[in-house]
Amino acid sequence: MVVCTCGKPAVVKTSWTNRNPGRRFFGCPTIGSNCPFLGWLDPLMCPRSVDIIPGLLRRINAFQGVVEELEEQRSKYKKYIIISWVLFAFMLFASSMHNMIDSGKLTNHKAVV
Numbered sequence: 001m002v003v004c005t006c007g008k009p010a011v012v013k014t015s016w017t018n019r020n021p022g023r024r025f026f027g028c029p030t031i032g033s034n035c036p037f038l039g040w041l042d043p044l045m046c047p048r049s050v051d052i053i054p055g056l057l058r059r060i061n062a063f064q065g066v067v068e069e070l071e072e073q074r075s076k077y078k079k080y081i082i083i084s085w086v087l088f089a090f091m092l093f094a095s096s097m098h099n100m101i102d103s104g105k106l107t108n109h110k111a112v113v
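Quick look at the structure:
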C-alpha cells in the first residue's frame, strides 16, 4: 500500500495535462489539500504519444458534443413524428365520422324519457 506524506493511503488518480495525458499516479486522498505527494503509477510516455494524445482527446470531446446534439435532435424529431401520427389518426377518425353522418349510417338519436 502506498501512503502519502499525510500518512493516509494514497489513491490512484489520472492526469489529463498535456504533458501526461491519461497517465495514472498516486496522490493524496484529501481533496483540496496542499499535500505535495505524487507518485507515478504508469511509466513515462514516449514524446510522440505526448504530442498526439491531447489532440485526439480534443477530437473525441468535439465528437461527443456533436453526438449529444444529434441525440437531442433525434428525440425532438421522434416527438414530432408521434404527434403527426396522432393528428393523422384523429383526422382520419373525424373524416370517417363525417362520412358516416353524411351517408345516414350515423344519426343523432335523442333519448326518450
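Note that full-length UniProt numbering gives residue 73 to position 73 of the sequence shown, counting from 1, and the numbers run on in steps of one.
Beta carbons are placed, not taken as given, at the ideal position from N, Cα and C, and that holds for glycine.
Review point. Where are the beta strand (DSSP E) runs, 3 residues long or more, that stay fully inside the region 53-77, in chain order?
Key: none
Check your understanding: Do the region 1-14 and the region 22-30 meet, that is, are 3 or more Cβ pairs less than 8 Å apart?
Key -> yes
Check your understanding: What residue range is occupied by the uninterrupted beta strand (DSSP E) comprising VAL12?
Key -> 11-15
Check your understanding: Does the region 11-22 come within contact of the region 47-57, defined as at least 3 CB pairs closer than 8 Å?
Key -> yes
Practice item. State yes or no: is the beta carbon of MET45 nearer than 8 Å to at least one beta carbon in chain D? Key: Considering every chain present, this structure includes no chain D. It has just one protein chain.
Practice item. With distances taken Cα to Cα, identify the nearest neighbour of residue 114 among ALA10, ARG74, ALA94, GLN73. Key: With the chain represented from 1 up to 113, any question about residue 114 goes unanswered, as that position is not in the structure.
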